[in-house]
Amino acid sequence: MRLILLVLCCLSLQLSAHEMKSAITKVLFNQRTGNIEVMHRFYLHDAEHAVKKLLDKSADLIAKQSTRDSFALYVSSHFQLKSDGQDLKLSLVGNELDGRFFWVYQEVAIPHQLTQLQLRHNSLQSLWPEQVNVVNIEGRGKVKTLKFTPQQQWQQVQLSN
Amino acid sequence: MSYKKSCVALALMLCAQASLADPIAQTKGKFEDKFRQLDESLPTPNIYRNAAGEPGQQYWQQQVDYKIKASLDEEKRRLSGSQTIHYKNNSPYTLKYLWLQLDQNIFKPDSMAEVTSTFGGGSSPNNEMPAKISLDELRNLQFLADHELGYQLDNIKLADGTKLKFVVVGTQMRIDLPKPLKPAESLQFSMDFAFNIVEEDAVSARSGFEHFPDDKRKGGNDIFLFAQWFPRLVAYTDYEAWTNKEFLGSGEFTLEFGDYEVEMTVPADHIVSSTGDLTNASEVLTKEQQQRLEKAKTAKRPVFIVTEQEALENEKDDTDERKTWRFKANNVRDFAWASSRKFIWDAKGYQQGGADQPFVMAMSFYPKEGGDLWKKYSTESVVHTLEVYSRFSFDYPYSVAQSVNGPVGGMEYPMITFNGPRTELQKDGSRTYSQAEKRFLIGVVIHEVGHIYFPMVVNSDERQWTWMDEGLNSFLDGIAGREWDPQIPWGVEARDITDYMKGDQQEPIMTQSDSVTRLGPNAYTKPAVALNILRDVILGRELFDFAFKEYATRWKFKRPTPSDFFRTMEEASGVDLDWFWRGWFYSTDHVDISLDKVYKLQLDTKDPDIDFERRRKEEQDKPMPIFVELNEAEGKTTWVERNKDVTDFYDENDRFTVTNKERNSYQQFLADLEHWERQVFERAIEENKNYYVLNFSNLGGLVMPILLQLTFEDDSVQEMYIPAEIWRKTPDAVSKLIVTDKTLKQVVVDPKWLTADVDVENNHYPRQIIPSRIEAFKREKSKDLVERDIMQDSKTKLKEPKAKD
């Protein structure tokens, strides 16, 4: 028997201007490179707080490459793509700071005859239950949007050509 | 209800809704009028709010004054109080009952917010996976189970002692009046209230206590933040009557303006920060503290009223004594305060000038955990906010503006804001903070103090429309932030919202707060970006700033609705913006303008000696057919080449040969022209301009101006602005003729990314490959200097270069 625990969400979402607790990811079918390119965008402020909890207090996204690399590794292990149950092994391309955002990049070659995709993105959700990760799938017909909350682990999309 | 019946009922309902929503409909064909005037969707103007978006000639609002005595039991973490409320009915209607907001009741286990909180925070159910529960969620659960929360109310009575009948409905309470309250009449009633204070970190609220277990005082210390803490009158309005909507958490509140006299009794070693003016400073502050406050009035930098050393002494000890602090605030729509023995307190006077409120005291209250970050930047950020916001609206109308550090990430009340950023304690005992935390502090103080203007003075209803305060305020905090330091990326750039807008999971901005799934992009960023575009792209700063200031001053200390904003911005700018409100606020369209094709036209001169030669040239310029090329390569000769002795007229004259027949007809054509036709024609021929037709399609649905950058063969560049109205007849596709002396080389739509166009690639003609972020990243790894660890690198010692062997 699988373990099922009840989940209660927070009473009220605290509305504060700058704690977004949300990330947005672009999954791009790039015909030019033949790759599925995955580009995660986190608010730098969210990521700054996260690395101090995930790594240690001396973690510093702005000052340390090692912190950036560790956080990118963390993100890459919390984002997965599958097709027909088969893992699509994403390679970690890199990361960068850009203004108030922190980006993490991954990619994998577009498999032949891909008609559907299963996705999971649970970065930061073990830290913050209110973390919402939004994924836009682009480059195969109209943009499709998926929203991942801690309760929404795997989701599937049908791809148009 | 049987299945069949319910189907019929549903069908009827849908019909009714459709007809209600839009009485005028395109019932044939697909034309969508993106410029349809908005009036039919806005409420009908009336004597209370007029068609210009102004308060109408008989605009009214209620006046509610409070006298409150509150007492904090620090040990039990319980607040109890009594209040006398004076209610003045300025409406033209007779009231048989009054509604009050009981926001503390949202924490009750049977509150609607609690009972309807969904599994998964709003996502669709998922049956296939085991769910998880976090420690934060368990903490929340346990706190709610261990504490009795919500209001305890007692002794609700009129001034003459008559007990009032009341009914509590969730987070609201109806009080029935023994005698209806007629227009212009007043009523005074009182009540006792008490509640156990929530631990903010456990339940995530907008107020509550934060515990510091490591402080030297036995049992540690708390910071208490009190907001939404006393039963408050629900707003009664001309447009919605009682705005009595259950408090569900997301939508905040609106209230009535009134005058407050509040006294709070707290442990004698506490420092209180509050809405209003302190009226008994001599009783609660030391002589020295009062002198320091005096000194702060004219100081260049903040002056400590309570120093860090004094605060550290305070937080070590305890006292049984108590003090009562008294505050008075006029014309505020709410009242909040904070209390702790941990507070460091600094202040700096701000001479803003003007007749209404020439002097304002900016102040900050924070524990040692705020550290240098707060000492340096909190109060200065408060003053900066007042300087910028007043320019866009009106002089700050109150005597104090405060920033208080506690458990709340960011929240605003009249004259007082709660802000969360802190420093980190390092192993060596020092306190440091990251650059991101510094930006966060400055940003959040600007944002929350900005809210004192919107919505605390321009009193929009946050429970219905979050964007009216968050959107306007995010727009202004972006301006204030960039005026602080433009090197810091403050957000609200158009490109920051494109990923949200192109997705298929979003709601229109004009959605009630509690139904919005992601408030950040929906109610903060998207409206702020929209207003930036309106200011810098569509109206220009002069028109926009005039209209925006007009909106702010019209509705200062009054209650605007969205239609008042939309109408004022149009009325004062003189520009029809209905298409803009429809696109950005009433729809989920996004911006994606594609430049599909550019082709060149050449005017025929009609003169056969010119035109025929041109056609001959065109024919010659065509590439040689492959058949001919291959035959030549094989050395094949043609019949004509082999039989050169057989020729005739057509070997000398091709099909482009001009005869007098064509010349005569040209002369006849000129002779037949009207005088004006000939003039136009001859001039056009003489000028010999280039005519380019640009074909655009609107893939995103949202109509927007087309910003063009034309680059010519001589490398000169011309910018061109085509107003959004170009889309009015054919919103899906338009063509534009451009006439120029020069030869066009390249056209780019929106080259500076000002319009939130989600696809940049189709903005170029000829098409240009726009690398994805990953492609760009691979090409050149970021060389952003901010990534250098300068703190570490600066320790590097100078070295002599190594000599070659």
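Protein chains in written order, with this note's numbering: chain A, -7 to 153; chain B, 5 to 809.
Cβ atoms here follow ideal geometry from the backbone N, Cα and C, with glycine treated the same way.
Below-9 Å beta-carbon distance, residue i vs any chain A residue
i: S190 of chain B; result: no
i: Y504 of chain B; result: yes
i: F552 of chain B; result: no
i: F781 of chain B; result: yes
i: A440 of chain B; result: yes
i: R330 of chain B; result: no
i: T800 of chain B; result: no
i: D140 of chain B; result: yes
i: T31 of chain B; result: no
i: W494 of chain B; result: yes
i: D593 of chain B; result: no
i: E428 of chain B; result: yes
i: Q108 of chain B; result: no
i: Q232 of chain B; result: no
Residues bridged to residue i [DSSP beta-bridge criterion]
i: D90 of chain A; result: A:F93
i: I28 of chain A; result: A:F21 and A:V100
i: L698 of chain B; result: B:V602 and B:K740
i: Q87 of chain B; result: B:I72 and B:M195
i: N145 of chain A; result: Here residue 145 of chain A is Gln; the residue named in the question, Asn, does not match the sequence. For Q145 of chain A, which the question treats as bridged, DSSP gives no partner whatsoever.
i: K136 of chain A; result: A:I129
i: V266 of chain B; result: B:I72 and B:F331
i: E821 of chain B; result: An answer regarding residue 821 of chain B cannot be provided, because it is not within the stretch 5 to 809 covered by chain B.
i: W341 of chain B; result: B:F230 and B:S278
i: I179 of chain B; result: B:L102 and B:F170
Beta-carbon proximity list for residue i, same chain, < 8 Å, skipping 5 on both sides
i: K134 of chain A; result: S152
i: V207 of chain B; result: F111, N144, F147 and L148
i: V449 of chain B; result: Y381, S382, S385, V386, T389, S407, T421 and N423
i: D500 of chain B; result: T529 and V533
i: Y52 of chain B; result: P59, G60, Q62, Y63, W64, D242 and Y243
Per-residue burial, residue i [other beta carbons within 10 Å of its own, 16 or more giving buried]
i: Y35 of chain A; result: buried
i: T137 of chain A; result: buried
i: I28 of chain A; result: buried
i: S739 of chain B; result: exposed
i: D658 of chain B; result: exposed
i: M628 of chain B; result: exposed
i: H679 of chain B; result: exposed
i: L605 of chain B; result: exposed
i: M365 of chain B; result: buried
Where the alpha helix (DSSP H) through residue i begins and ends
i: L445 of chain B; result: Q439 to Y457
i: F63 of chain A; result: Q57 to S68
i: E118 of chain B; result: M116 to V119
i: W680 of chain B; result: H679 to E691
i: L634 of chain B; result: I630 to A637
i: I160 of chain B; result: It is not in any alpha helix (DSSP H) - I160 of chain B instead sits in the beta strand (DSSP E) that spans Q156 to L162.
Closer than 9 Å to chain B by CB, residue i
i: N125 of chain A; result: no
i: K121 of chain A; result: Checking the sequence shown, residue 121 of chain A turns out to be Pro, not Lys. Judged by the 9 Å Cβ criterion, P121 of chain A is in contact with chain B.
i: K45 of chain A; result: no
i: L73 of chain A; result: no
i: D52 of chain A; result: yes
i: S14 of chain A; result: yes
i: G77 of chain A; result: no
i: L36 of chain A; result: yes
Neighbourhood of residue i by C-beta, 7 Å cutoff - its chain only, sequence neighbours within 5 removed
i: Y528 of chain B; result: E474, G475 and S478
i: F716 of chain B; result: K746, T747, L748 and K749
i: Y555 of chain B; result: F569, T572 and M573
i: R619 of chain B; result: F660
Same chain, Cβ closer than 6 Å to residue i, five either side skipped, listed in chain order
i: E765 of chain B; result: I774
i: T269 of chain B; result: S75, R326 and T328
i: P425 of chain B; result: E441, F444 and L445
i: D226 of chain B; result: F213 and H215
Residue range of the unbroken beta strand (DSSP E) whose run includes residue i
i: L46 of chain A; result: Looking at the DSSP string, L46 of chain A is not in any beta strand (DSSP E); the run it does join, the alpha helix (DSSP H), is L36 to L46.
i: K169 of chain B; result: K169 to V173
i: S407 of chain B; result: V404 to N409
i: A527 of chain B; result: No beta strand (DSSP E) holds A527 of chain B; DSSP gives it neither H nor E.
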